[in-house]
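Protein chains in written order, with our numbering: chain V, 1 to 408; chain Y, 1 to 408; chain H, 1 to 408; chain X, 1 to 408.
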């Protein structure tokens, strides 16, 4: 399966560990190790907070996460012969937990700290911890659910070149300037203080840190796509921007629903990836590539039965009609699912966490029927240990007695 | 399978046929036939244009569709005992083509006539005609693809009550007033001239027509959701607003990709539905329902291999950064897929039509990673009669020689 | 979808209808219609008994079926250019019920009339009738189950040539001679009296009828394979033995479990097939073909959850150990499933019928672990309207009150 | 995931390791560790030969395997409260390779040493070694294939009680006596010399060894079922015969096709299982259980496209007709697949190994159509890195240049 070429020391903060991680994207971050096309290797990764979150019943740690100090990435790795314009073929042959850290957590981020998709409804910090049972997980904070993982890296991508770096910095700065004081913020601008630049040091590192991308959003190079289907067994094709490609990865999720709606919405964990690399020379122009393309895995969890909730682009607070707004439509679909699940005794926060973590499918079902976008969220019914399908007698079970961990 | 209770005369315009259809939603449209819970029946439906489109090689008919005269609905049907606050359980036991009309069409709507999802890229009217081969379809206008249908009604819903009617009219009027002259328009406001109000007539019909909903968007009652997964074998739970429910349906699609992106983007056809009805008394409050909920079918076409394209919320024209805009992210994902398919010799319009018609999955993959939404569109590779997966040698086949039908 | 080229008159016995059917296989049965490679056409078929079975609550008709007068086949159809050694590519584009006959039946054959797989346990004739609800079926004789159809022709094949005819006749005669009086019989030898030889007549027909194959077993040409996965959307490759191929078909099943264990074990019906034909010249030697090969359909019903029963090759009556006998192992697996289902209130006959009709999977799981073959039968749990999975409290529902139809 | 309660020392022969294994089944083998219902734990296992096979290019080790010294089992484990007549609920939460032994092998057993399913065709010993790449495997001995694992224990079961022990011994002795000198043998009778009886010792162990079951066949308690679908994520219900149940397991397979046809036909390896246990009191009578029952996993590899080969019960050597013999029919189906694959340049042995190892489905498709059973073997087309589907031009690729390892 390939040797582990990047290891993490879970008993140290990422800032202190021997092998240098990076938590920014920049063209100049040096390649840590080179491979040949066809090579395979194992990469260990911190959880996205670098160990800030504990397996306990308080959400204070979620409340206090410093978002400038997250996404400690493993890499960048170089592939010999990779040049700008090529496609880097990346086999995610396996992803798993580290034996010494076989648990995960889900955070609802507080509105003041960035919030999540439903932050207006759930503004306070919350946390659920998950135990792994082989392919399944359960949470003491969320009764009645047990589901197989769709393990994947939330974050994986190649290094941008300078042109892409500057283009994105410019467009993001323009957006930020429209409402720089917004809470939650519009985006995360460069922030040098807490930047880890891998093996860079000194003035060069300082200079690069001031312009380096924060890792929050996905961009043309991949990055924090949070696509649950980049799972164990998938193959991804990344555009190459710099010599060697510079592939980095991290933010491993044991499971996630489409959208990762609570922001720290997946089941977050430290873990490993088994990676294979190859090249398609000049693949960007051969295939007209702008963003990464991928092929999902034949061992994704599969389900036949779903319960599907629809949402349309009408604001739930004001009743205002929006024009083909898929963001609002998906939010309404999720809120509809939350209301449904509450009828079985779940708290809203528990329902929110279920949608964020379980392998739910979020779809843009209709996007042309003016003025309403129609989005749907599909929940596999088999994740519940009781029957959640509508029936004449109404809900037959009330879970309850526990709640997710809350901040003080 | 139940007797046909609503038949269409394909050799007549809908306006002229014996059984009265309706092309608006209004609480006062009379129930055409009553059923008991547990009953099953067959319903025939016009194609959404009521026969305006011909199986030929010109898109002039698509260009000229009068959007005030579409969605000729079959119904409304009543269920005994259904009262406001109940859930109407609707089994879509089967959907199919009518023997005398075993073909379908896909239209790219001209920008001047409403356009579609990619109308800035494909502003001209276009048309592709599809032949059915049992469960499969092919088009003389789109070489190299053959796929199984995911047959479904684009439009199905219950009658709104007056409160819902007025609420939606108010919110839509408010949106329209923000840019009433926009091309394409923000929405389709009430329009009495061409309204068909079912069995209503005279002054009552005229009055109702002036306030009746146009059928273009989905709303809380269902309506034009264009969800491909409301397919043969699915079960839908609709809120009941008026006594009897008033279930109507139409706009049958032989297949559609998520989003129905060319607007007339499915494979449109006349057809039939085999419907079963039942009730969950007081289901709206028992389950906290706002919009319809459904369970998909065990015979949806299934695929293992997909090629998935990502998109982020950066405008392709201006490079402008948008805040978690899933509409733009999905558009970028679709455009990325179009560019890819063009490398195999497809015209942009053909690629657009493939995405609109084939059973592609459109997902909101990440919706919290500020400022970029990440949407994906997944194309099943098996719909092509050649290998579309990326490979070192580049695309190995160039389709071509034909194009979709264009308007003069 | 192609024009109907072979129609059946359900109000006449097959022997009396205008278009001549055949119920034997023989090289000299004349082609009824010729097609070109690439052609598509529709074929109507009788149910396998040619209308002997009624939709009622008596199994006397099942008890009295004359097995020499069954499998009224539609065809043979010729494909221009097909020569011995070619592969005939047959697309089963669709299969369905005839509108005028939208129901089906399942028979348990009496031991004296051939019996079924569990005939020692269920020696008496029985019948269940099934109603179709779009893609689903239910039976008033088997409560608590509802499942989607996996519609397919039980019987489809090409005409044998004389060498194959004689080879199979010889090997079957040899087997029959080992126990010619066995009840149930070892096989069905040629029987001229009730033979229908299509368009043949006179002395040639009489002579051919005396040597023509009975249609009961599958053979190298295909024939009565009763493979549920030759379903709508599948593609089959048949060896060609005679000029034109001579493709015939019939015995349509609305659904069937692997093994078709009650003998008349599928849901039998009259129906239609939409067929497409093509050729692979010299395909038999190119691909080393002895028996037909096929590719299943992407719209087969799919399930995630199954309950699977194991069986080993120990005789249930005597306790005798058999050597890697997959027949006995599968029988034991089926009997284990029957006993399980009886705990929910089903009669043995009802359980037997469920296994014969529902889309259950019968597998040869282990065939080398001397002396026990291990076979499994997997029942999709979703076909029941209650939970059949084992639980601590034991079975929570007792169906009952009805039984399958029995013979006097 | 539970602590490892049974560890193996791969650098020692099983006979020499600290924790005692057993390679026989007997009621008196002492429980090695007790658990409570609801507990979870990890179990390590030897490969079935206990380390006799090397990762090299010679099959001499396969040729020389001593079949009396195999199936070194981990256990037996007891569950508190388990009594005869209960069902032991076993969650196979995970199965995987051991980090220090991440490879596997497939053996074709020589006819003189027991042979395999096609031993008359492939009488010589052979071996293929497999490398694991995350969820995928490839073999330097079998070019052109790469497939995801369906990892499972070949062998898992509860301890028999004395009555079952004696019943099976009697029936097996009776069969053996019909042809005691047969090559390959009819079965594996008790054999004390090489018996490992776990923690038993002295005279009691000697006595028990003389009557203890060999582990080759599956029996009512489970045992060597070699069911590929007892995979990671499945749940199995075992009958309990002795106090505590006495659950043992071993013979881990990285992948296997239905039937495990080369005898050592799976990809054999050492590995671990994550096990959870629970009880259904009195479950045997509540559910009418004779053999284990199980529910498969939602993360089994899934495929849409298969190429399916049929076989009928006519002996390939003599042309003799057999009566509904599923063993022969499946053999013919497998041989048909072998001939097909040889057209792409595979040796017969390579094709045999592919059928034994890849996740192929072996089905009893028709078992009542006298005199021919019809069995099918379905090969997922996606396991090949080229297109194996029939096409007009014939096979387009010839693999070759390598072969499986052979014995001198």
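C-beta: ideal position from N, C-alpha, C; glycine also.
Secondary structure at residue 56 of chain Y: coil, using DSSP grouped into helix, strand and coil.
Residue 133 of chain X and residue 31 of chain V have their C-alpha atoms roughly 24 Å apart. Counting C-beta atoms within 10 angstroms of its own C-beta, residue 350 of chain V has 16 or more neighbours from the protein chains shown and is therefore classed as buried. When C-alpha distances from residue 275 of chain X are compared across X:93, X:299 and X:193, the shortest belongs to X:93.
A contact between stretches requires three or more CB pairs, one per stretch, nearer than 8 Å, and the region 238-257 of chain X meets this requirement with the region 356-363 of chain X. Not flagged as an interface residue toward chain V: residue 378 of chain H, since no C-beta distance is shorter than 8 Å.
Between residue 341 of chain H and residue 333 of chain H, the alpha-carbon positions lie close to 12 Å from each other. Straight through space, the alpha carbons of residue 247 of chain Y and residue 227 of chain Y are spaced by roughly 17 Å. For residue 302 of chain H, the chain V residues whose C-beta falls within less than 9 Å of its own C-beta are 302 and 304, listed in chain order.
In the assembly as shown, residue 376 of chain X is a buried residue. Its beta-carbon has 16 or more other beta-carbons within 10 Å. Around the C-beta of residue 25 of chain H, 16 or more other C-beta atoms lie within 10 Å, and the residue is accordingly described as buried. For residue 225 of chain H, no beta strand (DSSP E) run applies, since DSSP gives it neither H nor E.
As a beta-bridge residue in DSSP terms, residue 152 of chain Y pairs with Y:253. Annotation: residue 222 of chain H to residue 159 of chain H spans about 9 Å, alpha carbon to alpha carbon.
Taking the beta carbon of residue 382 of chain Y as reference, the chain X residues within 8 Å of it are 304 and 305, listed in sequence order. A residue is called buried when at least 16 other Cβ atoms come within 10 angstroms of its Cβ; residue 209 of chain Y meets this threshold and is buried. For the pair of segments examined, the region 321-331 of chain Y was found to touch the region 324-338 of chain V: the number of CB pairs separated by less than 8 Å reaches three. Under the Cβ distance rule, residue 287 of chain Y does not count among the residues neighbouring chain H, no pair being separated by less than 8 Å. Under the rule that a run must span 4 or more residues, the alpha helix (DSSP H) segments found entirely inside the region 265-318 of chain V read 283-287. With the criterion set as a beta carbon lying under 9 Å from some beta carbon of chain H, the members of the region 107-137 of chain Y are 131, 132, 133, 134, 135 and 136, in sequence order. Per DSSP, residue 93 of chain X is one residue of the beta strand (DSSP E) stretching across 87-97. Comparing alpha carbon positions, the residue from Y:373, Y:244 and Y:285 closest to residue 83 of chain Y is Y:244. With a beta-carbon spacing of about 6 Å, residue 374 of chain H and residue 310 of chain H fall inside the 8 Å limit used to define contacts. For residue 350 of chain X, the enclosing alpha helix (DSSP H) begins and ends at 348-357. The alpha-carbon of residue 102 of chain V is positioned some 22 Å away from that of residue 21 of chain V. By the rule that beta-carbons nearer than 8 Å mark a contact, residue 93 of chain H touches chain Y. Looking at X:36, X:168, X:386 and X:251, the one whose alpha-carbon comes closest to that of residue 47 of chain X is X:251.
Along the region 354-366 of chain Y, the positions whose C-beta sits under 8 Å from a C-beta of chain V are 361, 362, 363, 364, 365 and 366, read in chain order. Counting only the Cα atoms, residue 231 of chain Y lies some 22 Å from residue 336 of chain V.
Put simply, the CB of residue 40 of chain Y is near chain H, with a gap under 8 Å to one of its CB atoms.
Residue 202 of chain H: member of the alpha helix (DSSP H) spanning 202-211, first to last residue. Classified as buried, residue 71 of chain V has 16 or more neighbouring CB atoms from the shown chains inside 10 Å of its CB. Under the three-state reduction of DSSP, residue 380 of chain X is assigned to strand. In the DSSP assignment, residue 196 of chain X is bridged to no other residue. For residue 405 of chain Y, the pairing in a beta bridge is given by DSSP as Y:127. The shortest CA-to-CA distance from residue 269 of chain X to any of X:298, X:394 and X:357 is the one to X:357.
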